[in-house]
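Note that the numbering used here numbers the sequence shown so that position 43 is 355, with each residue one more than the last. Just so you know, even glycine gets a beta-carbon here, dropped at the ideal spot from N, CA and C.
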Amino acid sequence: MKTIRITGVPEHFNYPFRILEKNQPFLARGIKIQWIDESRGSGQMNQALRSDEADIAVLLTESFLKDVEAGNPAKMIGYHVETPLNWGIHIRSKSPVDELSELDKKHFLISRMGSGSHLMAFVLAKREGWKPEELTFEIVGNMDGAKEAMRGGSEGIFLWEKYTTAPMVKNGTMRRIGELPSPWPCFVMVASDKALTDFGNWIFEVRDEVYKIAQSLSKAQNCATVLADFYKLEIQEVKKWLEQTQWCFSPKVSRSELLQAMEVMIDLAMLQKKLPLELFLVSDRLQVVD
313 MKTIRITGVP EHFNYPFRIL EKNQPFLARG IKIQWIDESR GSGQMNQALR
363 SDEADIAVLL TESFLKDVEA GNPAKMIGYH VETPLNWGIH IRSKSPVDEL
413 SELDKKHFLI SRMGSGSHLM AFVLAKREGW KPEELTFEIV GNMDGAKEAM
463 RGGSEGIFLW EKYTTAPMVK NGTMRRIGEL PSPWPCFVMV ASDKALTDFG
513 NWIFEVRDEV YKIAQSLSKA QNCATVLADF YKLEIQEVKK WLEQTQWCFS
563 PKVSRSELLQ AMEVMIDLAM LQKKLPLELF LVSDRLQVVD
């Protein structure tokens, strides 16, 4: 028996993988699926791929591309979510600030360097006309770390998916003062180079099974209820999220979309130059379209 270890954030986006782990569709053929929750975000999961702690990771697009430039040999095997991520812009609930324009310091609470919460700060800075050198960062590990920092009086800005933080906004732990959509499809499935060598076609069977599960889940009448119950979210919030979100159902990847994402990242000084697609795509197992 071999185990394929898949890691991702413990959020509603990744419920298809929880179904995959529960169903264990490949067990009779000698492959077990293990899902690993990783609350510390994409930066930590990039490291997990590099250090052979995971075989597949569900990463934010920008974090993966940034880490490829930094030498990560892992490969994108497909998208997981085709739509942008809607980031909430959060501050502590008792802050005297009501609007971004009132902030004196452009200080951010981030899960780790290279994570989405770090990189999206530069997208926000571009939108607001802030200078990148004005930005400062405080590593808090995850959402709970941000919550503790805010309780301690931190005036830092915390960028995190708005529906995931909705319960904490509602109970007054933090306050949302704006939103920021990512300028690219938000989640990619990535396999380590070692996993691609060790498991070969199994990696793509897993991917395709996730696509089938996601498609079935998206059509289920009780989808919102299931997600709300599992992730302790309000059903109306989940319904709104589902209206804005499109899981990926096929291994189709747009060349122009990836090139555009890299152009934006270069403009924001998140990348130094465009990466050749063959550097990070398993092109022969994807439908690469213009």
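* To do: Inspect the CB distances between the segment 438-455 and the segment 357-376 and report whether three or more fall short of 8 Å.
  => no
* Asked: A366: buried (16+ other C-beta within 10 angstroms of its C-beta) or exposed?
  -> buried
* Asked: Any idea if S354 is buried or exposed, counting beta-carbon neighbours within 10 angstroms, 16 or more meaning buried?
  -> buried
* To do: Look up V409 in the DSSP assignment and say whether it is helix, strand or coil.
  => coil
* To do: Provide the residue span of the alpha helix (DSSP H) that contains N454, from first to last.
  => Run containing N454: none; DSSP gives neither H nor E here.
* **Check whether W399 and L492 have beta carbons under 8 Å apart** => yes
* Asked: Which residues in the same chain have their Cβ closer than 7 Å to the Cβ of M480, if we skip the five residues on either side of it in sequence?
  -> K459 and M486
* Asked: By DSSP, does M582 sit in helix, in strand, or in coil?
  -> coil
* Looking at C-beta atoms only, is the number of pairs between the segment 402-419 and the segment 345-352 that lie closer than 8 Å three or more? -> no
* From the DSSP output, in three-state form, read off W496 for me. => coil
* Which stretch, first to last residue, makes up the beta strand (DSSP E) that contains F542? -> No beta strand (DSSP E) holds F542; the alpha helix (DSSP H) holding it covers C535 to Y543.
* I591 - containing alpha helix (DSSP H), residue span -> Checking the sequence, you will find Leu at residue 591 rather than Ile. Its alpha helix (DSSP H) spans residues L589 to F592.
* **Assigned exposure category for E549 - 16 Cβ within 10 Å defines buried** => buried
* Anticipated Cβ contact below 8 Å, L421 with G468, distance rounded -> G468 and L421 do touch by the CB rule: their CB atoms are close to 4 Å apart, below 8 Å.
* Per-residue DSSP class, three states only, for T315 -> If DSSP states are grouped into helix, strand and coil, T315 belongs with the strands.
* Asked: At which residues does the alpha helix (DSSP H) containing K474 begin and terminate?
  -> K474 to K482
* Closer than 6 Å by C-beta to V538: which residues in its own chain qualify, once you throw out the five before and the five after it? Chain order, please. => none
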